[in-house]
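Residue numbers (the working numbering): 2 to 240. Glycine included, C-beta positions come from ideal geometry on N, C-alpha and C.
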Ligand SMILES: Nc1ncnc2c1ncn2[C@@H]1O[C@H](COP(=O)(O)OP(=O)(O)OP(=O)(O)O)[C@@H](O)[C@H]1O
Ligand SMILES: [Mg+2]
């Protein structure tokens, strides 16, 4: 396997990953351009998290080419905050605390709507607030690649909509390359420049979304794409 580090964007070719003789990724080839937002859909167990972990450098592929920027961070489904550390120290986890990094933490918290919460304890935060701390922790590292693994899945519908809008705003401002793993077709269509489907270990559908933002679910274009994605995911129309 070849792994190298790019200045910008992601390049993968023929990525293979096997667990105990079972092939989960069977030749995944997917690029994410510099500053591009790609959403990855797929059934449960199709290998989305595995692929994201390979891009994050948390898992080695068994074959194929993986090139990513060195500056990459992951936001998971759950915020993974350290309960014994205050919000600011969670944002700066693993980083040195200096005047400059503390200021950067405060500014990242401000960006996610948590100005002034530096000294709060994780247990005093709502689910959406905790997930915004996780976003601030990603932001403060100035990633060139932001890897999001169902980051809104555990949130209520209203908070999820707000978080989606926040992530869209932050990505427009900072322009990292983004790979968003999600089960939510509408979330994918709402946020992404391109949508990919992972099935049988490969990318079986890849669509560029031309519709201008904000995307209107009432349009024919939106509904056609939605149906195509549902069909690819093996979900037919509900009678
Ligand atoms: N460390 C591991 N050891 C053994 N099998 C694993 C390991 N990690 C993942 N798998 C298997 O690989 C397959 C893909 O898992 P993965 O977590 O990538 O799926 P996913 O598409 O993210 O699913 P979900 O949508 O449910 O999160 C699953 O069958 C899983 O059991
Ligand atoms: Mg997963």
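query                                                                                                                                                                : result
Look at the alpha carbon of residue 85 and the alpha carbon of residue 122, and state the distance between them as a whole number of angstroms.                      : 8 Å
If you follow the beta strand (DSSP E) that residue 150 is in, where does it begin and where does it stop?                                                           : 146 to 150
I need the DSSP call for residue 178, collapsed to helix, strand or coil.                                                                                            : strand
Rounded to the nearest angstrom, what separates residue 72 and residue 184 at their Cα positions?                                                                    : 26 Å
Threshold first: 4 residues or longer. Then list the alpha helix (DSSP H) segments lying entirely within the region 49 to 118, N to C.                               : 49 to 57, 88 to 92 and 100 to 112
Can the beta-carbon of residue 188 be found less than 9 Å from the beta-carbon of residue 212?                                                                       : no
Rounded to a whole number of angstroms, what is the C-alpha to C-alpha distance between residue 25 and residue 175?                                                  : 33 Å
Just grab the DSSP bridge partners of residue 204 for me.                                                                                                            : 199
Please tell me whether, using a cut-off of 8 Å, the distance from the CB of residue 185 to the nearest non-hydrogen atom of ligand 2 is below it.                    : no
Comparing C-alpha positions only, which one of 16, 77, 38 and 47 sits nearest to residue 152?                                                                        : 77
Per the DSSP calculation, residue 1 is bridged to which residue(s)?                                                                                                  : Because the chain spans 2 through 240 in this model, residue 1 falls outside it and cannot be assessed.
Leaving out the 5 sequence neighbours to the left and right, which residues in its chain are closer than 6 Å to residue 160 when beta-carbon positions are compared? : 129
Specify, as a first and last residue, the run of the alpha helix (DSSP H) that residue 134 falls within.                                                             : 128 to 140
Please list the terminal residues of the continuous beta strand (DSSP E) segment that includes residue 156.                                                          : Here residue 156 belongs to no beta strand (DSSP E), and DSSP marks it neither H nor E.
Closer than 5 Å is what we want: which residues have a beta carbon that near any heavy atom of ligand 1? List them in chain order.                                   : 20, 25, 45, 46, 47, 48, 49, 50 and 51
Give the secondary structure of residue 27 by DSSP, where H, G and I count as helix, E and B as strand, and everything else as coil.                                 : strand
Does the Cβ of residue 182 lie closer than 8 Å to at least one heavy atom of ligand 2?                                                                               : yes
Assuming residue 88 and residue 141 are in contact, meaning their beta carbons sit under 8 Å apart, how far apart are those beta carbons, in whole angstroms?        : At roughly 12 Å, the Cβ-Cβ gap does not stay under 8 Å, so residue 88 and residue 141 are not in contact.
Quick check: does the Cβ of residue 90 come within less than 8 Å of any heavy atom belonging to ligand 2?                                                            : no
Let me know if residue 51 comes out buried or exposed under the rule of 16 or more other beta-carbons within 10 Å of its beta-carbon.                                : buried
Can you find at least 3 beta carbon pairs, one from the region 53 to 65 and one from the region 213 to 225, that sit closer than 8 Å?                                : no
Answer yes or no: the CB of residue 150 versus the heavy atoms of ligand 2, is any distance below 8 Å?                                                               : yes
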